[in-house]
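Sequence order for the protein chains is S and P.
Quick note on numbering: this note's numbering labels position 54 of the first sequence as 1053, and the sequence is numbered without any gaps.
Quick note on numbering: this note's numbering labels position 110 of the second sequence as 118, and the sequence is numbered without any gaps.
Just so you know, even glycine gets a beta-carbon here, dropped at the ideal spot from N, CA and C.
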Amino acid sequence: DAGITQSPRHKVTETGTPVTLRCHQTENHRYMYWYRQDPGHGLRLIHYSYGVKDTDKGEVSDGYSVSRSKTEDFLLTLESATSSQTSVYFCAISDQYGEAFFGQGTRLTVV
Amino acid sequence: GQQLNQSPQSMFIQEGEDVSMNCTSSSIFNTWLWYKQDPGEGPVLLIALYKAGELTSNGRLTTQFGITRKDSFLNISASIPSDVGIYFCAGQPKAAGNKLTFGGGTRVLVKP
């Protein structure tokens, strides 16, 4: 298994509260991604990183921010969680060849 | 943004049957990847394709990267119950570094 750890694995939070999801890798890969997966929408890219402190938006970035202060950690923050952000969030990593490997996912419920 | 159209959206299989699914795009992709996702798990990489026209086999899986770099298919021969799951194609656009775009997935189910 690729060395990717997502935490927490499950979280229930209230509308309006901030939430941070963490992705940790031990593979020293340059690229890291956050996706969300919802029924009928497949996997949609939220943000990605192409190096320490280098990030860019994906197709569904509104309401999310990210930070990458170290190669191994990529944080996804929901500044003020909404019910539409209830989803399963996946972190992925890849090297320069483009083969991405996924974490186990975080199931987030916003009530 | 980039769009990957994957078909069929779902399909039923009977053990022993061959399965086929494909992905098309209006844009050129540098790399094509095929993933399988089991319930409650993250997607797992099955096969990666890098060269236009490349035909690759991995056990019962056969996949090809279209010559125009705009399409790919995945065939599974002699399906078995553990082939059930969701299959995703993914592409890395030529001009977008390592930013992957995913198709909507093909859900493979067992015939009742």
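At least one C-beta of chain P is nearer than 8 Å to the C-beta of Gly1104(S).
Looking at Ala1099(S), Gln1036(S) and Thr1085(S), the one whose alpha-carbon comes closest to that of Val1011(S) is Thr1085(S).
For Asn13(P), the enclosing beta strand (DSSP E) covers residues Leu12 to Ser15.
When the five nearest sequence neighbours on each side are left out, the beta carbons in the same chain lying within less than 7 Å of the beta carbon of Val92(P) are those of Val116, Leu117 and Val118, in order along the chain. Within the segment 1091-1102 of chain S, the residues whose Cβ lies closer than 9 Å to any Cβ of chain P are, in chain order, Ala1091, Ser1093, Asp1094, Gln1095, Tyr1096, Gly1097, Glu1098, Ala1099, Phe1100, Phe1101 and Gly1102. In the DSSP secondary-structure assignment, Pro101(P) is bridged to Phe37(P).
By the C-beta density criterion, Pro1017(S) is exposed, having fewer than 16 other C-beta atoms within 10 angstroms. Look at the beta carbons and you see the segment 61-81 of chain P not touching the segment 1090-1097 of chain S: under three pairs across the two are nearer than 8 Å. Inclusion of Ile94(P) and Asp26(P) in the CB contact set at 8 Å is not warranted, their separation being larger than that value.
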